[in-house]
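Protein chains in written order, with the working numbering: chain A, 1 to 264; chain B, 265 to 528.
Structure representation (structure tokens):
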């Protein structure tokens, strides 16, 4: 089934939805920094950078989608310009390591432990994305499978670290934040599973307009969950811990915080 | 080998990657100012200005690249509009002196020593870029060689100053920052070597799509390393020294800092 005007528009609207949501999330995370204790502001800064980078790439993806097709009297026609899927990989290369670093930062682990986890997870994430790309641009199934398998190795290492490796550290989080940190961890594991599955679509014979619709809507939904909703969980953790630690309440100004800290 | 659609797109994606990375870096450096002691904020301001100027020029370069070629049913066609490489020189003229000043600022040398180094290195950097440009736009190899040799003089002076001249001052840096300052210095020396080498490509007969790919990907990677990654090292130096000097910790507010300084 070739792509028709209606399906083209549904996909374009999903991209536009992502642009609006990422733009609003970015502004929210940057302002939200003032509402949490200083120790958690770096995590919120990274949340905002992640959604900002995603915003940029969804603007480019939306533009590329419109360049790749023309709506004519005869219906939808592909132009000579191919739809540029590489924007997704460039986005992930920058944002996926940052997302993992966000999670570790908001947990506020003892310095050595935190730094070591950030480096291991950040490098594994970058390697995973870099290994996925040659498979994505390959035209034969053998190359696609090879790079799928290769990039699953760092992926499984990340899942293992999140599910098993972090359990003890999550147990040490204050009670008010423990459930939220664990939710952020499980959101990541479950949503990230979507990406290697979509990668398999062409190898499983899923092509045409239906597969394109599932892929593009799926990627947009997964990106929103993994970045914007994940960022909201990180913000909730930061807020709960700030309130716990020094009676810091929503809207406290930097001055109030400094005064309270001085009084301790 | 003429440029094809795939190679055109790889280069366009490299430019887009640079845009996203420079935009995110700029936001990061400006926010990061709040997380370091006041003495190091000017260095972070300059880091952010450098990546902001690079962001602007990569938007222009991306645009010029798309104006220079058209994707048609018959493949990639050069248009009448030449790709504008001069954007790079304008960028370097502004950013290269700032990068060297950043490094000297974050070292916080005794006032006279720091100022004198900033002037010498800043002027040498500007002269180096100005001398490179007439060679870049020249059509004959003799002129290219002449200006290559001329601009190597300030280049070698800068390398000498970084490698030999700064060694004693780096030795006086606090232990927590010494390795990072030295890494920033070596990153600059190694990455900057890329530029005079690429300048030689046309004189060595390296032309066509392969050389264009190597040049543009190489320039983008070198710019990202020399500006964004270099800026991250400067931020790490500023953070380590802030923490060392007065128990300044990640996320301390400006008020906290002022109070601590007043109490000393």
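Cβ atoms here follow ideal geometry from the backbone N, Cα and C, with glycine treated the same way.
For the ligand PLP, any of its heavy atoms closer than 7 Å to the Cβ of residue 242 of chain A? The ligand PLP is absent from the structure shown, which contains no ligand whatsoever.
Would you mind stating whether residue 288 of chain A and residue 236 of chain A have Cβ atoms separated by less than 8 Å? Because residue 288 of chain A is not part of the residues shown, which for chain A are 1 to 264, the question remains open.
Indicate whether at least one CB of chain B lies closer than 8 Å to the CB of residue 90 of chain A. yes
Determine the direct distance from the alpha carbon of residue 6 of chain A to that of residue 197 of chain A, and round the result to whole angstroms. 25 Å
Those residues which DSSP pairs with residue 335 of chain B across a bridge: B:340
Option in B:301, B:341, B:305 with minimal Cα separation from residue 506 of chain B: B:301
I'd like the list of long-range same chain contacts for residue 201 of chain A, defined as Cβ closer than 7 Å, with 5 residues on each side in sequence excluded. 211, 215
According to DSSP, is residue 411 of chain B helix, strand or coil? helix
Partner residues on chain B for residue 53 of chain A, Cβ-Cβ distance less than 7 Å: 284, 288
Closer than 8 Å, CB to CB, is residue 330 of chain B near chain A or not? no
Helix, strand or coil at residue 184 of chain A [DSSP, three-state]: helix
Please state the DSSP three-state secondary structure of residue 162 of chain A. helix
How about residue 368 of chain B and residue 378 of chain B: are their beta carbons less than 8 Å apart? yes
Check whether residue 150 of chain A and residue 126 of chain A have beta carbons under 8 Å apart: no
C-beta atoms of residue 359 of chain B and residue 314 of chain B nearer than 8 Å: yes
Run through DSSP, which three-state label would residue 174 of chain A get? coil
Cα-Cα separation, residue 277 of chain B to residue 285 of chain B: 12 Å
Environment of residue 472 of chain B [buried if 16+ CB atoms lie within 10 Å]: exposed
Note the first and the last residue of the continuous alpha helix (DSSP H) segment covering residue 29 of chain A. 5 to 32
Are residue 62 of chain A and residue 15 of chain A closer than 8 Å when you measure CB to CB? yes
What residue from B:441, B:447, B:440, B:410 has the CA that sits closest to residue 426 of chain B's CA? B:447
According to DSSP, is residue 108 of chain A helix, strand or coil? coil
So with Cβ pairs under 8 Å, would you call residue 60 of chain A a contact of chain B? yes
Using a Cβ-Cβ cut-off of 8 Å, state whether residue 131 of chain A counts as contacting chain B. no
Strictly below 8 Å CB to CB, what residues from chain A border residue 337 of chain B? 80
By the criterion of Cβ-Cβ separation under 7 Å, what are the contact partners of residue 348 of chain B in chain A? Going along chain A, no residue has its Cβ under 7 Å from residue 348 of chain B, so there is no contact; the nearest lies around 21 Å.
So residue 68 of chain A packs on residue 107 of chain A, CB below 8 Å; how close in whole Å? About 42 Å; that fails the 8 Å criterion.
To which residues of the same chain is residue 402 of chain B closer than 8 Å at the C-beta, ignoring the five residues directly before and after it? 408, 411
Identify the contact partners of residue 494 of chain B in chain A, using a Cβ-Cβ distance below 7 Å as the criterion. By Cβ distance, chain A contributes nothing, its closest Cβ being about 17 Å from residue 494 of chain B, past 7 Å.
Tell me, please, whether the CB atom of residue 213 of chain A is closer than 8 Å to any CB atom in chain B? no
Since residue 460 of chain B is in the alpha helix (DSSP H), which residue starts that stretch and which ends it? 458 to 464
Using beta carbons (cut-off 8 Å, strictly below), is residue 69 of chain A in contact with chain B? no
Whose C-beta lies closer than 6 Å to the C-beta of residue 297 of chain B among residues of the same chain, with five residues either side of it excluded? 305, 308
Excluding five sequence neighbours on each side, which residues of the same chain lie with their C-beta closer than 8 Å to the C-beta of residue 373 of chain B? 381, 433
Using only CA atoms, which one of A:56, A:191, A:228 lies nearest to residue 218 of chain A? A:191
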